[in-house]
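Protein sequence lines correspond, in order, to chains A and B. With the numbering used here applied, the first sequence has no gaps in its numbers, which climb one by one up to 426 at the end. With the numbering used here applied, the second sequence has no gaps in its numbers, which climb one by one up to 426 at the end. Read through the structure below, which is laid out as structure tokens, and then see the notes.
2 protein chains.
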Amino acid sequence: MSAPERSPLDRFSFNHATAKFWDQREAVEACARTGSGIGLWREPVQEMGLEASAKLVKDAGVTVTSLCRGGFFTDPTRAAIEENKKAIDEAAVLGAPTLVLVSGGIPEDGTIDTAREGVEEALAELAPYAGERGVTLAIEPLHPMFASDRCVVATIGEALDLAAPHPAEQVGVVVDTYHIWWDPQVWQGIARAAAEGRIASFQLADWITPLPAGVLTGRGQLGDGCIDLKRYQETVDATGFDGPIEVELFNDALWARPGAEVFEETRAAFRRVLA
Amino acid sequence: MSAPERSPLDRFSFNHATAKFWDQREAVEACARTGSGIGLWREPVQEMGLEASAKLVKDAGVTVTSLCRGGFFTDPTRAAIEENKKAIDEAAVLGAPTLVLVSGGIPEDGTIDTAREGVEEALAELAPYAGERGVTLAIEPLHPMFASDRCVVATIGEALDLAAPHPAEQVGVVVDTYHIWWDPQVWQGIARAAAEGRIASFQLADWITPLPAGVLTGRGQLGDGCIDLKRYQETVDATGFDGPIEVELFNDALWARPGAEVFEETRAAFRRVLA
Chain A
152 MSAPERSPLD RFSFNHATAK FWDQREAVEA CARTGSGIGL WREPVQEMGL
202 EASAKLVKDA GVTVTSLCRG GFFTDPTRAA IEENKKAIDE AAVLGAPTLV
252 LVSGGIPEDG TIDTAREGVE EALAELAPYA GERGVTLAIE PLHPMFASDR
302 CVVATIGEAL DLAAPHPAEQ VGVVVDTYHI WWDPQVWQGI ARAAAEGRIA
352 SFQLADWITP LPAGVLTGRG QLGDGCIDLK RYQETVDATG FDGPIEVELF
402 NDALWARPGA EVFEETRAAF RRVLA
Chain B
152 MSAPERSPLD RFSFNHATAK FWDQREAVEA CARTGSGIGL WREPVQEMGL
202 EASAKLVKDA GVTVTSLCRG GFFTDPTRAA IEENKKAIDE AAVLGAPTLV
252 LVSGGIPEDG TIDTAREGVE EALAELAPYA GERGVTLAIE PLHPMFASDR
302 CVVATIGEAL DLAAPHPAEQ VGVVVDTYHI WWDPQVWQGI ARAAAEGRIA
352 SFQLADWITP LPAGVLTGRG QLGDGCIDLK RYQETVDATG FDGPIEVELF
402 NDALWARPGA EVFEETRAAF RRVLA
């Protein structure tokens with residue numbers, strides 16, 4: 152375990168969902184100009200075309216830090232598996248080291264326990280497939296308010312238990328402050344994730360109060376909420392992690408604004424909270 | 152550990168907040184008619200008067216299963232301590248074995264960690280006070296979506312850690328399905344709570360999807376959501392618990408309807424899901 156080599160300020164990656172309706176090309180160009188990485192999303196990639204998107208980031212010299220999003224295993228399983236294989240292939244073409252997985256919610260005829268078993272089974276099939284293509288699957292625990300409809304995986308500990316049967320280069324976890332900050336075991340969870348070599352993605356977003364009406368799109372700009380983001384960065388870095396730090400904000404107010412403006416504001420907020 | 156002596160169907164207790172605007176006297180009379188217990192709230196008790204409320208339940212022969220609500224320790228501390236002592240005194244007069252505690256959120260100048268320390272300190276002062284009056288403080292973990300503004304205690308495990316320094320007759324925990332159902336460690340948490348003799352209150356409410364706009368008042372009627380309530384009752388009972396099973400639903404739609412109707416519907420739902 153060595154001290155991080157790169158300052159956190161040099162490790163900013165802009166997740167495209169933060170400016171969801173911003174043209175992918177413009178987003179990549181902004182990242183190129185500022186030495187930022189980018190987290191890509193499958194839908195805009197498909198819109199531009201997979202090969203064209205891969206060429207775009209390569210020509211711009213922009214590092215793709217993750218591809219969002221695989222998962223939703225608790226939908227009819229066979230179709231979900233095929234869709235995830237496709238997403239893994241796309242990540243490989245784009246040079247994304249990581250495919251972020253949101254597990255899916257509780258199926259009509261199931262319980263949270265059967266849904267979790269479904270995630271285990273899907274991972275067993277997908278992990279070797281991802282490994283062969285040099286892609287790490289990153290299980291993302293979502294905040295428990297999404298446990299019924301989006302993600303039955305609710306804590307880092309649970310994500311690590313799901314990852315455990317697989318090699319770390321095949322299955323890791325996402326450390327996203329927005330989803331885990333409330334967890335009384337969060338620091339132990341991060342320490343365990345690092346010890347097991349499974350921090351596949353590190354993402355920042357803040358928690359604002361009160362929650363907006365649409366809880367899916369209420370993630371706060373860095374510094375606007377109650378999460379001690381600097382402590383998270385220091386804790387994660389202290390484990391020896393010096394990978395990209397992505398900012399992913401689902402926020403209606405941000406989405407309504409010009410992407411370039413949101414990019415600059417987000418980058419400035421990142422530099423402010425991690426200074 | 153003995154098998155439960157009373158059928159769950161005979162252990163229904165109606166938390167007054169389920170029909171928040173229903174007259175306390177009518178609620179108590181409905182409970183008397185049906186052999187139900189009642190969970191009282193401080194505000195309606197104060198409105199009727201503490202002694203008059205105590206006489207009401209005593210004359211009606213209705214068991215008070217809990218008093219809601221103490222806590223909010225992360226408000227300015229000294230005032231919160233005094234207010235909680237008053238609530239303990241009220242519980243003793245009403246014959247409520249349990250005062251439910253919601254810890255409070257994150258103070259303006261604090262973090263979730265300092266807030267949790269504040270809860271520890273408040274408990275240290277209040278636990279002996281409660282013990283002298285025969286009242287058990289019941290720490291209620293709330294769903295993590297309330298962690299910033301209402302309750303920094305988010306899991307049974309955390310509530311048990313907070314209770315641990317105190318005798319079980321002084322500090323226990325609330326097992327409320329609505330708040331804990333998503334927790335991957337929930338079954339271990341219930342087993343531990345039982346082993347430590349700390350199940351001070353058992354409450355049912357269901358989780359419905361999508362969450363309503365006001366997340367505070369979106370608890371589902373029993374059977375309307377995704378929680379396997381029967382499994383919770385069986386699991387809790389299997390530990391030897393045979394205390395009251397309270398139904399507490401914060402739900403705008405229920406609150407808009409006549410209390411007597413809500414009472415009957417809730418009692419019927421209780422009998423249906425636990426049959």
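No residue lacks a Cβ here, since even glycine has one placed at the ideal position from N, Cα and C.
Starting from residue i, find everything on chain B with Cβ-Cβ shorter than 8 Å and list it in chain order.
{"i": "C377/A", "result": "I257, T262, I263, S299"}
{"i": "E309/A", "result": "P335"}
Using a Cβ cut-off of 8 Å, pull out every chain A residue sitting near residue i, in sequence order please.
{"i": "V366/B", "result": "M296, L362, V366"}
Would you mind working out which of the options sits nearest residue i, comparing C-alpha positions?
{"i": "A230/A", "options": "E276/A, D357/A, E283/A, A298/A", "result": "E276/A"}
{"i": "A310/B", "options": "L293/B, E320/B, C182/B, A181/B", "result": "L293/B"}
{"i": "F401/B", "options": "D388/B, T368/B, A389/B", "result": "T368/B"}
{"i": "Q372/B", "options": "D226/B, R382/B, E415/B, A273/B", "result": "E415/B"}
{"i": "G376/A", "options": "I263/B, P279/B, A247/B", "result": "I263/B"}
{"i": "S158/A", "options": "A411/A, A389/A, A345/A, Q175/A", "result": "A389/A"}
{"i": "G222/A", "options": "I232/A, V213/A, T214/A", "result": "I232/A"}
{"i": "A454/B", "options": "V398/B, A407/B, A305/B, D226/B", "result": "What the structure shows of chain B is the stretch from 152 to 426, and residue 454/B is not part of that stretch, so it cannot be assessed."}
{"i": "A281/B", "options": "I189/B, G374/B, G246/B", "result": "G246/B"}
{"i": "A346/A", "options": "L425/A, A181/A, F392/A, G255/A", "result": "F392/A"}
{"i": "N235/B", "options": "V270/B, F165/B, M199/B", "result": "V270/B"}
{"i": "G255/A", "options": "G200/A, V286/A, V304/A", "result": "V304/A"}
{"i": "A420/A", "options": "A404/A, G374/A, D403/A, A407/A", "result": "G374/A"}
{"i": "W358/B", "options": "M296/A, F224/A, V208/A, V337/A", "result": "M296/A"}
{"i": "C302/A", "options": "A356/A, Q384/A, V251/A", "result": "V251/A"}
{"i": "A404/B", "options": "V398/B, P363/B, E397/B", "result": "P363/B"}
{"i": "M199/B", "options": "V179/B, G410/B, E397/B", "result": "V179/B"}
{"i": "L191/A", "options": "E412/A, V413/A, A407/A, E399/A", "result": "E399/A"}
{"i": "G285/B", "options": "T360/B, I307/B, Q384/B, E320/B", "result": "E320/B"}
{"i": "A356/B", "options": "E412/B, Q384/B, S299/B", "result": "Q384/B"}
{"i": "E288/B", "options": "R162/B, G308/B, A314/B, R176/B", "result": "One detail in the question is off: residue 288/B reads as Leu in this sequence, not Glu. Nearest C-alpha to L288/B: A314/B."}
In or out: residue i buried (at least 16 other Cβ within 10 Å) or exposed?
{"i": "R418/B", "result": "buried"}
{"i": "E156/A", "result": "exposed"}
{"i": "Q339/A", "result": "exposed"}
{"i": "L160/A", "result": "exposed"}
{"i": "R423/A", "result": "exposed"}
{"i": "P248/B", "result": "buried"}
{"i": "D210/A", "result": "exposed"}
{"i": "A278/A", "result": "buried"}
{"i": "A203/A", "result": "exposed"}
{"i": "R184/B", "result": "exposed"}
{"i": "T265/B", "result": "exposed"}
{"i": "G365/A", "result": "exposed"}
{"i": "E268/B", "result": "exposed"}
{"i": "G394/A", "result": "buried"}
{"i": "P335/A", "result": "buried"}
{"i": "A205/B", "result": "buried"}
{"i": "G100/B", "result": "Residue 100/B is absent from the structure shown; chain B starts at 152 and stops at 426."}
{"i": "A344/B", "result": "buried"}
{"i": "G188/A", "result": "buried"}
{"i": "G186/B", "result": "exposed"}
{"i": "E412/B", "result": "exposed"}
{"i": "M152/B", "result": "Confidence in M152/B is poor, its pLDDT being 46 and thus under 50, which makes the residue's placement unreliable; the coordinate value appears in the next sentence. M152/B is exposed by the Cβ-count criterion."}
{"i": "E259/B", "result": "exposed"}
Please list the partners that residue i has in chain B, where partner means a Cβ-to-Cβ separation under 9 Å.
{"i": "P248/A", "result": "Here the premise fails: no neighbours, minimum Cβ distance about 27 Å."}
How would you list, in chain order, the residues of chain A whose beta-carbon sits under 7 Å from the beta-carbon of residue i?
{"i": "T306/B", "result": "P335"}
{"i": "W358/B", "result": "S299"}
Using a beta-carbon distance below 8 Å, is residue i in contact with chain D?
{"i": "G348/A", "result": "In the displayed structure, chain D is absent; the protein chains listed are A and B."}
task = Pair every Cβ in the region 236–248 of chain A with every Cβ in the region 215–223 of chain A, then say whether three or more of these pairs are closer than 8 Å.
result = Three or more Cβ pairs drawn from the region 236–248 of chain A and the region 215–223 of chain A lie within less than 8 Å of each other, which places the two stretches in contact.
ask   = Quick one: any contact between the region 350–368 of chain B and the region 321–333 of chain B, if contact means 3 or more CB pairs under 8 Å?
value = Counting Cβ pairs under 8 Å, three or more are found: they touch.
ask   = Do the region 185–197 of chain B and the region 158–173 of chain B make contact, defined as three or more Cβ pairs closer than 8 Å?
value = Touching, per the Cβ criterion.
query = Does the region 327–336 of chain B come within contact of the region 282–296 of chain B, defined as at least 3 CB pairs closer than 8 Å?
reply = Cβ pair count under 8 Å is three or more, so yes.
inquiry  = I'd like the ranges of any beta strand (DSSP E) spanning at least 3 consecutive residues and lying wholly in the region 206–293 of chain B.
reply    = Counting only runs of 3+ residues, the beta strand (DSSP E) found wholly inside the region 206–293 of chain B occupies 215–222, 249–253, 287–290, in chain order.
request  = Only counting runs of 3 or more residues, tell me where the beta strand (DSSP E) segments fall wholly within the region 303–330 of chain B, in order along the chain.
outcome  = Those beta strand (DSSP E) runs which fall completely within the region 303–330 of chain B and span 3+ residues are 322–327.
message = To test your reading of the DSSP string, which unbroken beta strand (DSSP E) runs of 3 or more residues are found completely within the region 324–400 of chain B?
response = Here the runs fully enclosed are 350–355, 396–398.
query = Of all the beta strand (DSSP E) runs that stay within the bounds of the region 164–189 of chain A, which reach a length of 3 or more residues?
reply = If we require 3 residues or more, the region 164–189 of chain A turns out to have no beta strand (DSSP E) run fully inside it.
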